[in-house]
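> For the sequence shown, my numbering assigns the number 219 to the initial residue and increments by one for each residue that follows.
Ideal Cβ placement from N, Cα and C applies to all residues, glycine included.
This one's a predicted model, so the numbers in the text were calculated from it and none came from an experiment.
The structure is given below, and queries will be raised subsequently.
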Amino acid sequence: MGRALQPKDAELVASRLLDASARGSYDPHVDIDWDAPLAEGKAYMPLERVSLYGTDLWRGLSQEQRIELSKHEIASIASVGLWFEIVLMQLLVRHVYDLDPRSAHAQYALTEVGDETRHAIMFAKAITRFGAPAYGPVKLIHLLGKGYGALAGGPSMFGAVLVAEEATDRLQRATMDDPDMQPLIRMVNRIHVVEEARHVRFAREAVTRDVPKLNRAQLEAHRWLLALTAFGVMDAMINPRVYRSVGIDPRRGRAAALANPHHRDTRRWMTEKVMAFLTDAGLVGGPSKKVLQAAHLI
Numbered sequence: 219m220g221r222a223l224q225p226k227d228a229e230l231v232a233s234r235l236l237d238a239s240a241r242g243s244y245d246p247h248v249d250i251d252w253d254a255p256l257a258e259g260k261a262y263m264p265l266e267r268v269s270l271y272g273t274d275l276w277r278g279l280s281q282e283q284r285i286e287l288s289k290h291e292i293a294s295i296a297s298v299g300l301w302f303e304i305v306l307m308q309l310l311v312r313h314v315y316d317l318d319p320r321s322a323h324a325q326y327a328l329t330e331v332g333d334e335t336r337h338a339i340m341f342a343k344a345i346t347r348f349g350a351p352a353y354g355p356v357k358l359i360h361l362l363g364k365g366y367g368a369l370a371g372g373p374s375m376f377g378a379v380l381v382a383e384e385a386t387d388r389l390q391r392a393t394m395d396d397p398d399m400q401p402l403i404r405m406v407n408r409i410h411v412v413e414e415a416r417h418v419r420f421a422r423e424a425v426t427r428d429v430p431k432l433n434r435a436q437l438e439a440h441r442w443l444l445a446l447t448a449f450g451v452m453d454a455m456i457n458p459r460v461y462r463s464v465g466i467d468p469r470r471g472r473a474a475a476l477a478n479p480h481h482r483d484t485r486r487w488m489t490e491k492v493m494a495f496l497t498d499a500g501l502v503g504g505p506s507k508k509v510l511q512a513a514h515l516i
């Protein structure tokens, strides 16, 4: 375990987050110009973060095809993010179920449900505007998500939330200030980054408070749950069907991406900050660490 993390009072953190939410929340219906034309020749995510970057398949694509693949990959990431936001809403509502609704902690959790509802709508509208499919996760992960949303809880739940939110946050931050990216995706990412910063704080504080309460057996169980969920969520980000958009067989494209050292580096880059935090918190360690290594997250 790394440095000792100091938990903060749940009510104090939640009160501050409620104030921040009141000052800085967005409505995607009115804060984004969905009718603005898409910019020709601009990518939808940094091309060096596209899963096939640097492979023989990538070298065989024209610049237009590379941009097209970036569009479909960001649509896949957005649709998987949308799916996970819906899972997260279930988790938060169950978390609130037994709390005192007068508490700031309960009220902020409900505020986050409202944020996630708007984010899911925002991602759906963005995918629609791009003219891309709502790829979502593969069927098995979609099915497992139903059970996870109904049963998960505790530190591993908040840890998994952090993996999904902080991994996409890293990619979005690299996109939102890049003038070579599509203006629409930059605005979507900017809104998401601002509001997700509050969600990340809420989840990090929950992990910091709750992990020290676990006994050894509980800690190992939560480590395994986190590792397996993180593997599933990160692996689901790029649906293999995206490769059809540029004439590549999905199985061939997925195999090339999984073997691609650039793509493996991107996965580690997306999760390096959250994995460092979770290691310091004690949720990454023991035998389950091999799962995260196999997923190229550490």
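Between which two residues does the alpha helix (DSSP H) carrying residue 252 extend?
Segment: none, residue 252 is in no alpha helix (DSSP H) and carries neither H nor E.
> Touch check for the region 393-402 and the region 456-475: three-plus C-beta pairs under 8 Å?
Contact between the region 393-402 and the region 456-475 is absent, because fewer than three Cβ pairs lie under 8 Å.
> Note the first and the last residue of the continuous alpha helix (DSSP H) segment covering residue 281.
Residues 281-315.
> For the putative contact between residue 451 and residue 381, defined by C-beta atoms under 8 Å, what is the C-beta separation to the nearest angstrom?
Right, the Cβ-Cβ distance comes to about 6 Å (below 8 Å), so this counts as a contact.
> Given a threshold of 16 other Cβ atoms within 10 Å of its Cβ, counted over all protein chains shown, does residue 511 qualify as buried or as exposed?
Residue 511 comes out exposed.
> Give the secondary structure of residue 263 by DSSP, where H, G and I count as helix, E and B as strand, and everything else as coil.
Here residue 263 sits in coil by DSSP.
> Relative to the C-alpha of residue 496, which residue among 427, 459 and 455 is closest?
Residue 496 has its Cα closest to that of 427, out of 427, 459 and 455.
> Would you call the region 452-469 in contact with the region 241-251, where contact means no fewer than 3 C-beta pairs closer than 8 Å?
These segments do not touch.
> Please list the terminal residues of the continuous alpha helix (DSSP H) segment that includes residue 238.
Looking at the DSSP string, the run of the alpha helix (DSSP H) that includes residue 238 is 228-241.
> Take residue 348 and list the residues in its own chain whose beta-carbon comes closer than 6 Å to its own, dropping the five residues that flank it on each side.
Answer for residue 348: 289 and 293, listed in chain order.
> Would you mind sorting residue 433 into buried or exposed? The rule is 16 or more other CB atoms within 10 Å of its CB.
It is exposed - the Cβ of residue 433 has fewer than 16 other Cβ atoms within 10 Å.
> Is it a yes or a no for the region 304-314 touching the region 258-271, going by three-plus beta-carbon pairs under 8 Å?
As far as the Cβ criterion goes, the region 304-314 does not touch the region 258-271, which means the pair count is below three.
> What's the C-alpha gap between residue 226 and residue 300?
Each residue's alpha carbon lies about 30 Å from the other.
> Check whether the region 442-449 touches the region 370-378, taking contact to mean three or more Cβ pairs, one atom from each stretch, closer than 8 Å.
Touching, yes, given that three or more Cβ pairs across the two stretches are closer than 8 Å.
> Span of the alpha helix (DSSP H) holding residue 473?
Start and end: 468-476.
> Less than 9 Å between the C-beta atoms of residue 303 and residue 268, yes or no?
No, they are not a contact pair.
> Output needed for residue 392: all residues of its chain with C-beta closer than 6 Å, excluding positions within five of it in sequence on either side, in chain order.
The residues are 264.
> Just the Cα atoms here: how many angstroms apart are residue 486 and residue 389?
Between residue 486 and residue 389, the C-alpha separation is close to 12 Å.
> Can you tell me whether residue 390 is helix, strand or coil according to DSSP?
DSSP places residue 390 in helix when its eight states are reduced to three.
> Please classify residue 252: is it buried, with 16 or more other beta-carbons within 10 angstroms of its beta-carbon, or exposed?
Exposed is the call here.
> Only counting the same chain, and skipping five residues up and downstream in sequence, which positions put a Cβ closer than 6 Å to that of residue 480?
Within the same chain, residue 480 has close Cβ partners 271 and 272.
> Please report how far the alpha carbon of residue 283 lies from the alpha carbon of residue 410, in whole angstroms.
Distance between the alpha carbons of residue 283 and residue 410 is about 27 Å.
> Do residue 370 and residue 489 have their C-beta atoms closer together than 9 Å?
No.
> Would you mind reading off the limits of the alpha helix (DSSP H) that contains residue 456?
Premise fails: residue 456 is in no alpha helix (DSSP H) and is neither H nor E.
> From this set, 313, 277, 431 and 468, which residue's C-alpha is nearest residue 368's C-alpha?
Ranking the options by Cα distance to residue 368, first place goes to 313.
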